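Student: The structure that follows is given in the form of structure tokens.
Numbering (the UniProt record's numbering), first residue to last: 1 to 253.
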């Protein structure tokens, strides 16, 4: 009897979730928001994202381009608010009820795409709850990324300072440049850093409480080499890479 009640309860939960998803999807329509701003009017960009995927890349002109696509559920609400004031561009996904019940339909059905001219904007800050973040082919002074559950990928990104944190998602740096300061951290997500060329002047600090760690860097003189911590220096150590995780795997090469 108890097993029967258990299966009935599971069935009812599945039905409720199905009805909820259908209710959030039916009645939605495609929406696109496009904005262009001269780059000399912008010094910093801030993005506050709930569930959309975010892509940031370089542009070929002197404009900052914002292109947002998704499915709008509530026609009375602007799904993403774009504010430009005091040389700061702010892009914020607005919520109707918070979390998944935003003005966009439930799930990852939209994207925020930002194109920025090379070496113009001083700082880009991305704060995301559930969407994936992909930044590629970009040069700037400072980049800060904070993502709760999404996948973060930085491909051929150059900056004096890069700070990236994810609670449960993975962080990948491809074709990384050693120049400047890099701080990468997750709680349970995996971290991978792949340098485009062998670092010549780097200070390395790696800490992993429970996960596996692999460091394959030529000419690295290790000062600490344990299961939980690896530190060392290449050359004069003028640049730095700090990587931390509680239980995710770490791979640096």
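Think of the CB as a built atom: it goes at the ideal place given N, C-alpha and C, for glycine as much as any other residue.
Owing to the predicted nature of the structure, the values given are computational and were not obtained by experimental measurement.
Quick check: the region 213 to 222 against the region 160 to 170, are there 3 or more CB pairs under 8 Å?
Tutor: The region 213 to 222, when compared against the region 160 to 170, does not touch it at the 8 Å Cβ threshold.
Student: Given this structure, state the Cα-to-Cα distance separating residue 211 from residue 185, to the nearest angstrom.
Tutor: For this step, residue 211 is matched to residue 211 along the chain shown. For this step, residue 185 is matched to residue 185 along the chain shown. Cα to Cα, residue 211 sits roughly 13 Å from residue 185.
Student: Where does residue 39 sit, in a helix, a strand or coil, going by DSSP?
Tutor: Counting from one through the chain shown, the residue named residue 39 turns up at place 39. In this structure, residue 39 counts as helix in the three-state DSSP scheme.
Student: Would you say residue 116 and residue 91 are within 9 Å of each other, going by their C-beta atoms?
Tutor: Taking the chain shown and counting its residues from 1, the one referred to as residue 116 is at position 116. Taking the chain shown and counting its residues from 1, the one referred to as residue 91 is at position 91. Contact: no.
Student: Secondary structure at residue 178, three-state DSSP: helix, strand or coil?
Tutor: Taking the first residue of the chain shown as 1, we reach residue 178 at position 178. Residue 178 falls in the coil class under three-state DSSP.
Student: Locate the beta strand (DSSP E) running through residue 116, then write down its first and last residues.
Tutor: In the chain shown, counting from the first residue as 1, residue 116 sits at position 116. Element bounds for residue 116: 111 to 116.
Student: How long is the line joining the alpha carbons of residue 254 and residue 172, rounded to whole angstroms?
Tutor: The question about residue 254 has no answer here: the residues shown for the chain are numbered 1 through 253.
Student: Given a threshold of 16 other Cβ atoms within 10 Å of its Cβ, counted over all protein chains shown, does residue 121 qualify as buried or as exposed?
Tutor: By one-based count along the chain shown, residue 121 stands at place 121. Looking at its Cβ environment, which holds 16 or more other Cβ atoms inside 10 Å, residue 121 is buried.
Student: Pull up the CB-CB distance for residue 180 and residue 119, whole angstroms please, since I reckon it's below 8 Å.
Tutor: The sequence position of residue 180 within the chain shown is 180, counting from 1. The sequence position of residue 119 within the chain shown is 119, counting from 1. Contact doesn't hold; Cβ gap of about 13 Å is too wide.
Student: By Cβ distance, which residues of its chain are closer than 7 Å to residue 53, with the 5 residues on each side in sequence left out?
Tutor: Translated into positions along the chain shown, residue 53 becomes position 53. Excluding sequence neighbours, residue 53 sits near 108, 111, 131, 132.
Student: Could you pull the start and end residues of the beta strand (DSSP E) that residue 69 belongs to?
Tutor: Start at 1 with the first residue of the chain shown, and residue 69 comes out as number 69. First-last of the beta strand (DSSP E) with residue 69: 63 to 72.
Student: Just mark residue 198 as buried or exposed, buried being the case when its beta carbon has 16 or more other beta carbons within 10 Å.
Tutor: The count along the chain shown starts at 1 and reaches residue 198 at position 198. Under this definition residue 198 is an exposed residue.
Student: Starting from residue 267, trace the beta strand (DSSP E) both ways and give me its first and last residue.
Tutor: No statement about residue 267 is possible, as the shown extent of the chain runs from 1 to 253 and does not include it.
Student: For residue 208, count neighbouring C-beta atoms within 10 Å of its own C-beta (all shown protein chains included) and say buried if the count is 16 or more, exposed if not.
Tutor: As a working note, residue 208 is residue 208 in the chain shown. Residue 208 is buried by the Cβ-count criterion.
Student: CB residue 255 to CB residue 114, shorter than 9 Å?
Tutor: Residue 255 lies beyond the stretch modelled for the chain, which goes from 1 to 253, so this question has no answer here.
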